[in-house]
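Just add 3 to the spot in the sequence shown (first one is 1) and you have our numbering. Ideal Cβ positions, reconstructed from N, Cα and C, are used throughout, including at glycine.
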Amino acid sequence: MTTISPDYQVIVVGTGFSGLGMGIALKKAGINSFAILEKADDVGGTWRDNHYPGCACDVQSHLYSFSFEPNPNWTRMYAPQPEIKKYLQHCARKYGLMPQIQFGQEVKKAIYDEQNKLWRLETAAGKTITSRMVVSGMGGLSTAAYPNIKGLNTFKGKTFHSQDWDHDYPLTGKRVAVIGTGASAIQFVPQIVPQVAHLDLYQRTPPWIMPKPDREITSAERTLFKYVPKSQEAIRNAIYLQLESRVLGFVLNPRVMKLPELQARRHIRQAIKDPVLRKKVTPDYAFGCKRVLISNDYLPSLAKPNVDVISHGIKEVRANSIVTDDGQERIVDAIIYGTGFKAQDPIPRGAVFGKKGVDLIDTWQQGAQAYLGSAVNGFPNFFMLMGPNTGLGHSSMVFMIESQIAYVMDCLKQMQKNGWKEVDVRAEAQQSFNTDLQEKLGNSVWSTGCKSWYVNADGKNTTLWPGFTFDFRRQTANFDAKNYAVEQ
Ligand code: NAP
C-alpha cells in the first residue's frame, strides 16, 4: 500500500537528444507532470559539452535529427557542432520544454522507495525530488577518460581533455602533444596543425579512416527542403537504407568488410607518401572492429612537416616533456587528451539504488546489461535511453533514442490505463534477451580481437546493438507487459 504521492509522474535526466526527445513525447501525450533535470545551464548534452575545433557529427544530419522535426537549414551534410546545438535549443523552445527544465540540477543519487513505489532523487544542489518513473537520458559517452601515465600530475604545462577544450589557451606557436587518435582527435588534429609550432601525436592504435562524403548544402537545396519537406524526407530515407546495409558487414558477414578496407587503404596511400608514416597509420586489425572514422583532412595533416606521429608507448610525463618507451624525451608546452570516455561505466557506483537498496553497479559485475537496453530487473520504473547495447557503429543514434522513447511512452500509457504503480522487468526476460544478444555479437566484426571501448576488460561487448535498427524498433514498438512484474 503506497502512502505518499510523488512530486512528478516522470523525471527525465539530461537535455541531449534523449532527454529532449522524451520531454517532447511527454508533452505530445498530454502528460505535464514531469520535470527535466539538467546539470548545466543550457540544453544540448554532448553537443553542448563538446566544442573542440572541428567538432561535427559523423552521421549525415538529415538522419541525425528527430524524425518529427526536420531541419531544412543544415548547411552541410555532416553538420558542425554549433548547428546541432542550435537545433537542440530550437527543439526545446519550439515544444515548450524550457519551463519544465530545471537547470543546475545534477542528479547525484536516485533511490527507489519500495513502499511508496517511487524514486527519490537527490541533486548536487541539495534538492530532493520524488517521481513515479525516472528516464535517464545521460548518454554513455559523457564522463571523460584520462590516461593513467606515470608523472602526469608533475606536468607544469597546460592540459585539457577534448571535451573541456580551453579556447582561451592560444595554441599558436606552441609545442603540443595530443594523446589519442579516436573520433574526437581526428576532428581536431587537422584544425590545430596549422596553428601549432609542432604537434606530437601519440597514437596507440591507428584507426581505419574512410573519406568523408561531406559537402555544403546549397541555399537552393535548403529552400527546397523548406517548401517541399518530402524532398528532405526522401533523402533521409535513402541515407537510412544506405547506412543500414552496413549491418551486413558488421554483424552478418565480416568478410564483406574487405571491400571498404581496400578503399581505406587507398585513402592512406593517397594522403601519405612517406612509407614509414604510411605503415605507422595502417591498422593491423579487421576493418570495422573499432569504430570506422571518416575524414578527408586527418591523414593529410599527419604528413605536414610540423607533425610527428609517435607510435611508441608513453613511459612517463615530466615537468615539461613526455618520455616514450624507446627512451626519447620530447619537450611540450601543452598536452591535449583525445582519450575518449568511460563508456563501460555509463552510470557511476553510488548513483542508482533499486529494490533492497542494491546499487545498479553491483548487478553489472559481468558488465552493463539491460532488457532492450532500457530496463534492469530490481530497478522498477527506471528506464535508460541509450542504455547498454543500444550503441551503433553504422547509423544514427537518434533513431535508437526515438525507438526507446516510444517504448517508455507505451509503458506509461499502459501504467495509466491499468492503474499500475510499478513495472519491473522479469529477470528471465532480461537474461534471455542478453543471451541472444551476446550470441549475435560473438559473430560480429567487433569480436575479431581488437581492443576498443565497445568491449569491457573481459571482452564482453556491452555497448553495441548487433543488428538492424529496424529490428530494434520492432522490438520496442510496444511495451511488452508480459515480460514485467506489475503492481497496482
Ligand atoms: P575514442 O574513440 O575512445 O578514442 C580514444 C583514443 O585515445 C584512442 O585512440 C585510444 O587508443 C587513445 N587512448 C586512450 N587511452 C590511452 C592511453 N592511456 N595512452 C594512449 N592512448 C590512449 O574517444 P573519442 O575520440 O573521444 O570518441 C569516443 C566516441 O565518441 C566515438 O567512438 C564516437 O562514438 C563518439 N564521437 C562521435 C563523434 C561524431 O562525430 N558523432 C565525434 C567524436 C566522438 P586505443 O585505440 O589504443 O584505445
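Buried versus exposed call for residue i [16 or more other C-beta atoms within 10 Å across all chains shown]
i, result
"Arg-269", "exposed"
"Ile-189", "buried"
"Thr-438", "exposed"
"Gln-84", "buried"
"Arg-178", "buried"
"Met-101", "exposed"
"Lys-293", "buried"
"Gly-185", "buried"
"Ala-378", "buried"
"Gly-22", "buried"
"Pro-278", "exposed"
"Asp-171", "exposed"
"Tyr-230", "exposed"
"Asp-167", "exposed"
Reference residue i; option with closest CA among the options
i, options, result
"Tyr-98", "Gln-12, Ile-27 and Gly-47", "Ile-27"
"Ile-338", "Leu-174, Leu-29 and Gly-470", "Leu-174"
"Trp-423", "Pro-102, Lys-485, Asn-459 and Val-489", "Val-489"
"Gln-478", "Val-411, Gln-108 and Gly-360", "Val-411"
"Ile-408", "Thr-393, Val-192 and Glu-219", "Thr-393"
"Leu-356", "Thr-366, Pro-303 and Phe-290", "The question names Leu, yet the displayed sequence has Phe at residue 356. Comparing Cα positions, the closest option is Thr-366."
"Asp-116", "Arg-135, Asp-169 and Met-25", "Arg-135"
"Met-505", "Ala-371, Phe-20 and Leu-444", "This structure gives no information on residue 505, because the portion of the chain shown stretches from 4 to 491."
"Arg-207", "Phe-69, Pro-150 and Ile-34", "Pro-150"
"Gln-245", "Pro-286, Trp-456, Leu-66 and Asp-461", "Leu-66"
"Gln-194", "Gly-129, Lys-307 and Lys-276", "Lys-307"
"Ser-70", "Trp-456, Phe-402, Gly-462 and Ser-435", "Phe-402"
"Arg-218", "Val-137, Ser-455 and Ser-64", "Ser-64"
"Met-80", "His-54, Asp-336, Arg-225 and Pro-286", "Arg-225"
"Val-254", "Lys-463, Gly-291 and Tyr-243", "Gly-291"
"Phe-475", "Tyr-374, Glu-431, Gln-419 and Gly-462", "Tyr-374"
"Gly-376", "Pro-391, Asn-384 and Gln-368", "Pro-391"
"His-315", "Ala-322, Thr-327 and Arg-321", "Thr-327"
"Gly-1", "Asp-44, Asp-45, Trp-468 and Gln-12", "Because the chain is modelled from 4 through 491, residue 1 falls outside the range shown and cannot be assessed."
"Pro-38", "Thr-18, Asp-52, Trp-77 and Asp-44", "The question names Pro, but residue 38 in the sequence shown is Ala. With distances taken between Cα atoms, Ala-38 lies closest to Thr-18."
"Gln-108", "Gly-129, Leu-388 and Leu-121", "Gly-129"
"Leu-114", "Gly-396, Leu-444, Asp-427 and Ala-354", "Just to set this straight, residue 114 is Ile in the shown sequence, not Leu. The residue with the shortest Cα to Cα distance from Ile-114 is Ala-354."
"Glu-405", "Asn-35, Leu-388, Pro-210 and Leu-415", "Leu-388"
"Gln-434", "Thr-451, Gly-470, Leu-467 and Asn-486", "Asn-486"
"Glu-431", "Asp-413, Asp-44, Gln-92 and Asn-380", "Asn-380"
Same chain, Cβ closer than 6 Å to residue i, five either side skipped, listed in chain order
i, result
"Ile-297", "Asp-61, Met-213 and Lys-215"
"Glu-125", "Lys-111, Lys-112 and Thr-131"
"Lys-153", "Glu-319"
"Leu-204", "Val-181 and Val-312"
"Ser-187", "Ser-165 and Gly-341"
"Tyr-288", "Cys-453"
"Gly-183", "Gly-341 and Thr-342"
"Asn-459", "Gln-347, Gly-370 and Thr-465"
Supposed contact pair residue j and residue i - C-beta distance, whole angstroms, cut 8 Å
i, j, result
"Val-15", "Gly-140", "6 Å"
"Gln-105", "Leu-40", "5 Å"
"Gly-57", "Lys-88", "At roughly 15 Å, the Cβ-Cβ gap does not stay under 8 Å, so Gly-57 and Lys-88 are not in contact."
"Gln-417", "Ala-484", "6 Å"
"Val-472", "Glu-247", "The question names Val, but residue 472 is Thr in the sequence shown. Their Cβ separation, rounded to whole angstroms, is 7 Å, which keeps Thr-472 and Glu-247 in contact under 8 Å."
"Val-284", "Leu-302", "7 Å"
"Leu-363", "Phe-386", "Actually they are not in contact, since the Cβ atoms of Leu-363 and Phe-386 sit about 13 Å apart, beyond 8 Å."
Beta-carbon contacts of residue i that lie in its chain and below 7 Å, excluding the five residues immediately before and after
i, result
"Val-259", "Leu-251 and Gly-252"
"Pro-232", "Pro-73"
"Leu-144", "Thr-49, Phe-344 and Ala-346"
"Ala-200", "Gly-176, Lys-177, Arg-178 and Asn-309"
"Ala-59", "Tyr-81, Ala-82, Pro-83, Gln-84 and Gln-190"
Cutoff 8 Å; reference residue i; Cβ partners in own chain excluding five residues on either side
i, result
"Ile-275", "Arg-281, Val-284, Leu-302, Pro-303, Leu-305 and Ala-306"
"Ser-324", "Glu-332, Arg-333, Ile-334 and Val-335"
Near the ligand FAD: residue i beta-carbon under 6 Å from a heavy atom
i, result
"Arg-135", "For the ligand FAD, the structure offers nothing, since it holds only the ligand NAP."
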